[in-house]
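Visitor: I have a structure I would like to understand better, so I am pasting it below and will then ask my questions one at a time.
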Amino acid sequence: MKKAIPFVFLILSFFAYSQELYLQWQNAFGTIEDDHIFCTSKTNFGYILLSSVICKAPCSIPGYQGDEDAWLIAIDSTGNQLWERCYGGSDNDYFEIILQTENRQYYMLGYTNSTDGDAPNEPIHGTSNGWLMYADSNQNKIWSVAFGCDGITQIRDAIVTSDGGIITVSRINTGGFTVQTHYGGNNIYVCKFREDGIMEWQLTIGNTGLTNALRIRKAREEPVESYYIIGSSDYMEGTITCEKDHDRDAQDVHIWEVDAHGQLIWQNCYGGSAGASGGDLGYDIVALKEGFTFVAKTKSKDMDISRNPWDEAIWLVRCDREGNILWDRCYGGSNEQWPLFLDRTADGNYVIIGQSNSLDGDVMGNHKGSMDIWAFITDSLGNILWSHCYGSNRDDYTYFLSTLTKVKDYEYIIGVEARSRSGDITWLPYSPYGESHDIWVFSLKACSPPQNTFPSGPATACSLGGGESTYTVMETENLSTEWRLEPEDAGELFPHGDTLHIAWKNGYQGTIAIIARGINPCGASVWSEPFYTQVEACLGEETLNPGSISIYPNPAKGRFYVTLKEGMGFPALFTLYNLMGIHVLETPLETRQTSIDCSTLPAGIYFWAIKYQNKWAKGKIILQSSKDQ
Numbered sequence: 001m002k003k004a005i006p007f008v009f010l011i012l013s014f015f016a017y018s019q020e021l022y023l024q025w026q027n028a029f030g031t032i033e034d035d036h037i038f039c040t041s042k043t044n045f046g047y048i049l050l051s052s053v054i055c056k057a058p059c060s061i062p063g064y065q066g067d068e069d070a071w072l073i074a075i076d077s078t079g080n081q082l083w084e085r086c087y088g089g090s091d092n093d094y095f096e097i098i099l100q101t102e103n104r105q106y107y108m109l110g111y112t113n114s115t116d117g118d119a120p121n122e123p124i125h126g127t128s129n130g131w132l133m134y135a136d137s138n139q140n141k142i143w144s145v146a147f148g149c150d151g152i153t154q155i156r157d158a159i160v161t162s163d164g165g166i167i168t169v170s171r172i173n174t175g176g177f178t179v180q181t182h183y184g185g186n187n188i189y190v191c192k193f194r195e196d197g198i199m200e201w202q203l204t205i206g207n208t209g210l211t212n213a214l215r216i217r218k219a220r221e222e223p224v225e226s227y228y229i230i231g232s233s234d235y236m237e238g239t240i241t242c243e244k245d246h247d248r249d250a251q252d253v254h255i256w257e258v259d260a261h262g263q264l265i266w267q268n269c270y271g272g273s274a275g276a277s278g279g280d281l282g283y284d285i286v287a288l289k290e291g292f293t294f295v296a297k298t299k300s301k302d303m304d305i306s307r308n309p310w311d312e313a314i315w316l317v318r319c320d321r322e323g324n325i326l327w328d329r330c331y332g333g334s335n336e337q338w339p340l341f342l343d344r345t346a347d348g349n350y351v352i353i354g355q356s357n358s359l360d361g362d363v364m365g366n367h368k369g370s371m372d373i374w375a376f377i378t379d380s381l382g383n384i385l386w387s388h389c390y391g392s393n394r395d396d397y398t399y400f401l402s403t404l405t406k407v408k409d410y411e412y413i414i415g416v417e418a419r420s421r422s423g424d425i426t427w428l429p430y431s432p433y434g435e436s437h438d439i440w441v442f443s444l445k446a447c448s449p450p451q452n453t454f455p456s457g458p459a460t461a462c463s464l465g466g467g468e469s470t471y472t473v474m475e476t477e478n479l480s481t482e483w484r485l486e487p488e489d490a491g492e493l494f495p496h497g498d499t500l501h502i503a504w505k506n507g508y509q510g511t512i513a514i515i516a517r518g519i520n521p522c523g524a525s526v527w528s529e530p531f532y533t534q535v536e537a538c539l540g541e542e543t544l545n546p547g548s549i550s551i552y553p554n555p556a557k558g559r560f561y562v563t564l565k566e567g568m569g570f571p572a573l574f575t576l577y578n579l580m581g582i583h584v585l586e587t588p589l590e591t592r593q594t595s596i597d598c599s600t601l602p603a604g605i606y607f608w609a610i611k612y613q614n615k616w617a618k619g620k621i622i623l624q625s626s627k628d629q
């Protein structure tokens with residue numbers, strides 16, 4: 001079993017903003033071969049990672065059938081491996097997407113070149129068959145179906161529907177096999193499968209040119225249930241009804257809305273005139289109550305793009321319900337960047353995660369110009385609030401959008417292919433410095449840095465017989481408190497959250513320091529200033545009768561009086577300590593009543609102690625500012 005690597009939390013300070021994404025945990029997986037990460041998916045027990053493996057004999061991975069098989073790696077919520085297993089047949093097979101349903105079943109979507117094992121008993125059409133498998137909560141196969149065209153079928157995305165079925169989005173270049181309609185070029189092939197594996201409907205979108213899709217997202221529930229599909233197109237023909245540039249080679253961002261019955265109910269395109277030199281391509285989209293926001297890659301500097309200072313930029317666009325642009329922003333640096341994922345948080349901000357090898361502009365913290373994961377946060381109008389890169393000193397890539405998973409607002413799981421143990425990467429199993437790739441998985445989570453804390457407790461203590469003392473910290477939003485005793489051998493610590501109990505070493509004498517710091521998911525605060533306690537052996541000492549001492553007024557302003565009543569002898573020694581345990585005033589008590597001037601001391605709570613022969617008395621007094629008199 002592989003254990004997650006503990007991570008020293010980074011304190012990032014790029015923009016003055018409370019929400020920053022901290023690297024919470026990381027782990028790495030792989031073999032001696034090149035390893036690829038296709039998907040990270042949230043489950044009830046943690047996450048499932050999708051890869052593929054050629055398992056050398058003797059192979060210990062359950063379910064391995066032969067040649068290249070789909071490889072599932074289950075991890076818990078902090079990245080520790082739980083189990084692994086394979087699916088496939090005697091030829092090359094792998095999954096690119098896995099989705100858990102509400103009843104904890106699984107849809108797995110990918111490719112197969114097998115007709116045996118876990119694969120459908122269906123002749124191979126074209127380069128490989130599209131492969132959809134349904135499994136129970138224990139990942140055992142329930143059914144398996146093949147679909148696609150007679151040429152190349154490329155899996156793009158999928159979404160579980162409200163009735164428990166699944167909609168798959170693929171790209172095809174021919175007709176045949178299960179494809180009923182093909183317009184002549186690269187088309188989008190959308191299929192709805194029921195929970196029993198029956199294809200309920202299919203829709204082909206495209207023309208004789210190049211049509212592409214990368215994401216499907218839920219659009220709305222009413223007046224009709226519908227889904228957004230985002231990608232690109234080139235010119236008006238077939239089912240493509242808009243274009244931004246009349247150059248037939250130019251690629252525009254294209255968004256389609258499809259209802260739950262497979263009807264194309266709306267579409268629009270966006271972009272500029274640079275579509276022919278690399279294309280404007282939509283990567284992700286989020287539905288809003290009053291429209292939608294999408295993120296794309298662009299090289300354009302005109303038409304729909306209001307301002308783009310970069311050769312290649314990440315383009316964020318906010319639209320109303322009719323698809324009209326309300327505002328747009330471009331982000332990037334002097335080198336390459338493109339988006340992978342878009343999230344809208346409950347507070348109205350946007351989280352964009354992509355890739356970049358830029359060292360300037362909006363890109364912060366890149367590792368020596370290598371290709372990193374780049375995450376940044378904007379406000380509701382697209383103004384950038386925070387930015388940071390994650391990765392190693394060599395290129396770290398993800399080639400599949402499904403390798404990014406949202407856990408909740410400001411918390412994400414990301415899988416990449418890495419080959420260097422440097423930068424943020426603390427460990428790789430087979431490729432610490434080599435040319436092959438391992439799978440690096442890490443968690444990003446936003447939280448406020450832990451609050452500084454301050455301990456308080458008794459200013460004096462007795463170690464006789466292993467006496468005990470209790471310390472606390474002020475109430476904060478920290479999850480817990482870490483404690484430290486100096487010198488360490490003065491006693492034994494028994495921490496319990498925000499409370500510390502110390503059993504003193506029998507007979508110990510001296511001044512000790514209690515130091516504390518707050519802990520939360522972002523890490524630890526700085527260590528507090530010390531709180532001092534004077535520990536005495538108290539051999540043969542007794543406690544004074546509290547009734548024999550009077551301290552008044554309490555609270556006091558500027559001055560208070562200590563009265564030693566009948567039965568109490570003198571001279572005695574009076575000591576005053578602040579909340580840090582530092583004694584701030586000491587005076588002998590040589591008469592029955594002593595006046596003590598406290599006008600120079602700051603207002604607050606203080607501890608007092610009176611020692612007479614081998615007897616002690618202790619208590620608290622509140623000092624108020626004498627300026628209030």
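The sequence shown begins at 1 in the numbering used here and counts up one residue at a time. Positions of the beta carbon are idealized from the N, C-alpha and C atoms, including for glycine. Everything numeric in this text was worked out from a predicted model, so none of it was measured.
Using only alpha-carbon positions, find the residue among G391, V407, L401 that is nearest to S420.
Guide: Within the sequence shown, numbered from 1, the residue matching residue 420 stands at position 420. Ranking G391, V407, L401 by Cα distance to S420 puts G391 first.
Visitor: At 3 residues or longer, and completely inside the segment 441-488: list those beta strand (DSSP E) runs for me, N to C.
Guide: Within the segment 441-488, the complete beta strand (DSSP E) runs of at least 3 residues are 460-462, 468-473, 480-486.
Visitor: Where does K615 sit, in a helix, a strand or coil, going by DSSP?
Guide: Mapped onto the sequence shown, residue 615 falls at position 615. It is a strand residue.
Visitor: The beta strand (DSSP E) that contains E257, what's its start and end?
Guide: Within the sequence shown, numbered from 1, the residue matching residue 257 stands at position 257. Note, E257: beta strand (DSSP E), 252-259.
Visitor: Taking the continuous beta strand (DSSP E) assigned at F38, which residues delimit it?
Guide: Against the sequence shown, residue 38 aligns to sequence position 38. Careful: F38 lies outside any beta strand (DSSP E) and carries neither H nor E.
Visitor: Would you list, in sequence order, the uninterrupted beta strand (DSSP E) runs of no fewer than 3 residues that lie entirely inside the segment 190-248?
Guide: 199-205, 212-220, 226-233, all fully within the segment 190-248.
Visitor: Going by other Cβ atoms of all chains shown within 10 Å of its Cβ, with 16 needed for buried, is D69 buried or exposed?
Guide: The residue given as residue 69 occupies position 69 in the sequence shown. Under this definition D69 is a buried residue.
Visitor: Take the Cβ of S448 as the centre, count every other Cβ of all protein chains shown within 10 Å, and call the residue buried at 16 or more, exposed below.
Guide: Residue numbering aside, residue 448 sits at position 448 when the sequence shown is read from its first letter. Burial call: exposed.
Visitor: Report buried or exposed for G363, applying the criterion of at least 16 other Cβ atoms within 10 angstroms of its Cβ.
Guide: As a first step, residue 363 must be located in the sequence shown, where it is residue number 363. Note that residue 363 corresponds to Val in the displayed sequence, not to Gly. Buried, by the Cβ-count rule.
Visitor: Determine, using beta carbons only, whether L485 and I512 come nearer to each other than 8 Å.
Guide: Counting from one through the sequence shown, the residue named residue 485 turns up at place 485. Counting from one through the sequence shown, the residue named residue 512 turns up at place 512. Cβ distance < 8 Å, so L485 and I512 count as in contact.
Visitor: Who are the Cβ neighbours of G89 in its own chain at under 6 Å, not counting the five residues just before and after it?
Guide: Position 89 of the sequence shown, counted from the start, is the residue given in the question as residue 89. Around G89: Q65, S114, D116, G117, A119.
Visitor: On the premise that G415 lies in contact with T426, defined as a C-beta separation below 8 Å, what is that separation, rounded to the nearest angstrom?
Guide: Translated into the one-based positions of the sequence shown, residue 426 becomes position 426. Translated into the one-based positions of the sequence shown, residue 415 becomes position 415. With a Cβ gap of about 16 Å, T426 and G415 do not count as contacting.
Visitor: Between W616, R248, L444, I142, which has its C-alpha nearest I377's C-alpha?
Guide: Looking up residue 377 in the sequence shown gives position 377. Cα-wise, what sits closest to I377 is L444.
Visitor: At a cut of 8 Å, does the segment 528-537 reach the segment 552-566 through at least three beta carbon pairs?
Guide: The segment 528-537 is not in contact with the segment 552-566.
Visitor: Are the Cβ atoms of I631 and K297 separated by less than 8 Å?
Guide: Lying before the first or after the last residue shown, residue 631 is absent from the chain, which here runs from 1 to 629.
Visitor: Near G184, what residues of its chain come up, given a Cβ to Cβ distance below 6 Å and the 5 sequence neighbours on each side ignored?
Guide: By 1-based counting over the sequence shown, the position of residue 184 is 184. T208.
Visitor: Count the other C-beta atoms from every protein chain shown that fall within 10 angstroms of the C-beta of H246, then say buried if there are 16 or more, exposed otherwise.
Guide: As a position in the sequence shown, residue 246 is number 246, starting the count at 1. Burial call: exposed.
Visitor: DSSP on N506, reduced to helix/strand/coil?
Guide: Indexing the sequence shown from 1 puts residue 506 at position 506. If DSSP states are grouped into helix, strand and coil, N506 belongs with coil.
Visitor: What does DSSP give as the partner residues of Q154 in its beta bridges?
Guide: Within the sequence shown, residue 154 is the residue found at index 154, counting from 1. R171.
Visitor: Of all the options N80, D498, E435, which has the alpha carbon lying nearest to the alpha carbon of W25?
Guide: The residue given as residue 25 occupies position 25 in the sequence shown. For the residues N80, D498, E435, the minimum Cα distance to W25 belongs to N80.
Visitor: In whole angstroms, give me the CA-to-CA distance for Y17 and D34.
Guide: Here residue 17 refers to the residue found at position 17 when the sequence shown is read from its first residue. Here residue 34 refers to the residue found at position 34 when the sequence shown is read from its first residue. Its pLDDT being 43, under 50, Y17 is placed unreliably in this model, and the value from its coordinates should be taken loosely. Cα to Cα, the separation comes out at about 39 Å.
Visitor: Distance, Cα to Cα, S60 vs S52?
Guide: Reading the sequence shown from its first residue, position 60 is the one you call residue 60. Reading the sequence shown from its first residue, position 52 is the one you call residue 52. If I take the Cα positions, the gap works out to 15 Å.
Visitor: Does the structure place the segment 253-267 close enough to the segment 192-208 that three or more beta carbon pairs sit under 8 Å?
Guide: These segments touch.
Visitor: Between which two residues does the beta strand (DSSP E) carrying A572 extend?
Guide: Within the sequence shown, the letter at position 572 stands for residue 572. Segment 572-577, the beta strand (DSSP E) holding A572.
Visitor: What span of residues does the beta strand (DSSP E) with F177 cover, start to end?
Guide: On the sequence shown, residue 177 is found 177 positions in, with the first residue counted as 1. Neither: F177 is in no beta strand (DSSP E) and is coded neither H nor E.
Visitor: According to DSSP, simplified to helix, strand and coil, what is T345?
Guide: Against the sequence shown, residue 345 aligns to sequence position 345. Of the three classes helix, strand and coil, the one that applies to T345 here is coil, per DSSP.
Visitor: On the three-state DSSP scale, how would you describe A490?
Guide: Residue 490 sits at position 490 when you count from the first residue of the sequence shown. Helix, per DSSP.
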